[in-house]
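K.L.:
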Amino acid sequence: MKKFGTALILAVPIVLFLWACFLVFAAPPEPPFDWRAHMSQAEHDSIVATLNHLYTRAAYTVTWAVQLGYAAWLLVRWQSQKRSLTR
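Just so you know, we're using the working numbering here: the sequence shown kicks off at 1215 and counts up by one.
(1) Could you pull out every unbroken alpha helix (DSSP H) segment of at least 4 residues lying fully inside the segment 1226-1300, listed in chain order?
(2) Beta-carbon within less than 7 Å of H1252's beta-carbon, same chain only, minus the 5 sequence neighbours each way: which residues are those?
(3) Counting pairs of beta carbons, one from the segment 1258-1265 and one from the segment 1217-1230, are three or more of them closer than 8 Å?
(4) Could you check the C-alpha separation between W1233 and A1285 for me, to the nearest Å?
(5) If we ignore side chains and look at the alpha-carbon of each, how far apart do T1270 and Q1281 end up?
(6) Report all residues from its chain with a CB closer than 8 Å to the CB of Q1293; omit the five preceding and five following residues, and keep chain order.
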């Protein structure tokens, strides 16, 4: 059970990082430089707001992944030290 729990804790940051990558790569394309010739101001603002929201979610997800990954690394190191002390 301990190995399953450790594997689960190690998998969470990886899944979060993959989710952040999905958010960035699945975002709609940025409007072209000459967007005024192709769309209205409201359409442009809608695309930019969507992009800002997706990139902010991706940034927070990466932050959580890094911090949970560090906590998982500390847990693994702590378990190995605890195991070596009992020997």
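Glycine included, every Cβ here is placed at the ideal spot set by N, Cα and C.
P.N.:
Here's the rundown:
(1) 1255-1300
(2) P1246
(3) no
(4) 19 Å
(5) 17 Å
(6) K1216 and T1220
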